[in-house]
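K.L.:
Can you read through this structure? Questions will come right after.
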Amino acid sequence: MPETAVAETDAGLSLKELARRNGLSASGRLPSLPDYTRQLWEYRHFIRAHSSAKMTSALGNTKLGAVWQVLTPIINAAVYYVIFGLVLGGHHEMPNFIAYLCIGVFVFQFTQSVVQTGTNAITGNLGLIRALHFPRASLPLSASLVEIRNFVVAVFVLMGIVLITGEPITVKWLIVVPALILQSFFNVGLGLFMARYGSKVRDVKQLIPFIMRFWLYGSAVLYPVTKFQDLLSGWQLQVVEANPMLVYIELMRHALLDEATLANSPAVLWIEAIVWTVVVGIGGFVYFWRGEKGYGRG
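Reading the sequence shown from the start, the letters are residues 1077 to 1374 in this note's numbering.
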């Protein structure tokens, strides 16, 4: 029987074209943003389990355990009240200074905790990153989820403090829910941003306490927001009042305090809060996704 020649259909094709024809993709290829989002959704159970494990390991060795989630901001508020309320006379400048101060401390502590844990999310889990394949955003998302859970518990304690100090329950308390949601998405984006930046610049971890302290003093946490209007004007005042932490704190004060002097009208505060949430939430996620291929290398 005569021999039959078989044509090489792949002859002359480049390796890239051959791989595409056979359904192969480059190892370590950065997935598209929609694909990356779908991967994170598929790993939602891992994110939830990892956050629960982190919470248990962080507080499991202490006698009070989860009580520290509430005690920490309360102790901070007590210290600040002694200094800024009693020593410096802040309680004479505005009604119900205790509730005003506690709201600022609790809300600021929420963002501060996310920044601190987010900065260490990659560098503190290099062993896990190098051993397993999973979307790396799972780690800062897990850290943020821990702090969101803690803050939800802290909000109920905060409401109790506000009631004890003489504030009535009003329909404005419902504003707490959307305000908390907006700040949570803002914190997630900020945590993702800090996770990538912290993995690239290790020294930033040492600067975080100083940066957060400066941010604390610039967010009217410890003193009446009217002091900004006494010292600043024009564009300088507008920049300070657009500070995202000040915006979220003011929204929470607007919700829980019957009479609170705000930096801006509630409508302006809501617009600023939504803008900050969208910009930082989406921007932080995109910034982290762009560095997906480099985490755990080097």
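Don't be surprised by glycine CBs; every beta carbon is placed ideally from N, CA and C.
Sort Val1253, Phe1304 and Gly1180 by Cα distance to Glu1326 and report the nearest one.
P.N.:
Out of Val1253, Phe1304 and Gly1180, Gly1180 has the C-alpha closest to the C-alpha of Glu1326.
K.L.:
Which of the three DSSP states is assigned to Tyr1293 in this structure?
P.N.:
Note: Tyr1293 maps to helix in three-state DSSP.
K.L.:
Considering only residues of the same chain and omitting the five flanking positions on each side of Glu1348, which have a CB-CB separation below 8 Å?
P.N.:
Excluding sequence neighbours, Glu1348 sits near Ala1318, Pro1320, Val1323 and Asn1340.
K.L.:
Rounded to whole angstroms, what is the Cα-Cα separation between Leu1298 and Lys1248?
P.N.:
In a straight line, the C-alpha of Leu1298 is about 23 Å away from that of Lys1248.
K.L.:
Counting beta carbon pairs with one atom in the stretch 1289 to 1308 and one in the stretch 1214 to 1221, are three or more of them shorter than 8 Å?
P.N.:
These segments do not touch.
K.L.:
Indicate the three-state DSSP secondary structure (helix, strand or coil) for Leu1239 in the structure shown.
P.N.:
Three-state result, Leu1239: helix.
K.L.:
Closest to Leu1266 by CA distance: which of Ser1108, Phe1182, Ala1331 and Ala1219 is it?
P.N.:
Closest by alpha carbon: Ala1219.
K.L.:
Considering only the beta carbon of each residue, do Asn1263 and Phe1361 sit closer than 8 Å?
P.N.:
The answer is no: Cβ separation not under 8 Å.
K.L.:
How many Å lie between Lys1369 and Ile1240 at the Cα?
P.N.:
Cα to Cα, Lys1369 sits roughly 51 Å from Ile1240.
K.L.:
Alpha carbon to alpha carbon, how far is Pro1300 from Met1170?
P.N.:
C-alpha separation (whole angstroms): 7 Å.
K.L.:
Roughly how many angstroms separate the alpha carbons of Tyr1363 and Leu1268, rounded to a whole number?
P.N.:
Near 8 Å, if we compare the C-alpha coordinates of Leu1268 and Tyr1363.
K.L.:
To which residues of the same chain is Ile1174 closer than 6 Å at the C-beta, ignoring the five residues directly before and after it?
P.N.:
Here the set comprises Thr1241.
K.L.:
Apart from the five residues just before and just after Ser1275, which ones in its own chain have a Cβ nearer than 7 Å to its Cβ?
P.N.:
Same-chain partners within the cutoff: Ile1198, Thr1199 and Tyr1371.
K.L.:
Does DSSP classify Ser1309 as helix, strand or coil?
P.N.:
Of the three classes helix, strand and coil, the one that applies to Ser1309 here is coil, per DSSP.
K.L.:
Tell me the DSSP secondary structure of Pro1216 in three-state form.
P.N.:
Reduced to three states, the DSSP call for Pro1216 is helix.
K.L.:
Less than 8 Å between the CB atoms is what I'm expecting for Leu1234 and Phe1182, so what's the real figure, rounded?
P.N.:
Indeed, because the Cβ distance is near 5 Å, the residues count as touching under 8 Å.
K.L.:
Roughly how many angstroms separate the alpha carbons of Asp1334 and Leu1313, rounded to a whole number?
P.N.:
Each residue's Cα considered, the two are about 25 Å apart.
K.L.:
Does the Cβ of Trp1365 have 16 or more other Cβ atoms within 10 Å, making it buried, or fewer, making it exposed?
P.N.:
Buried is the call here.
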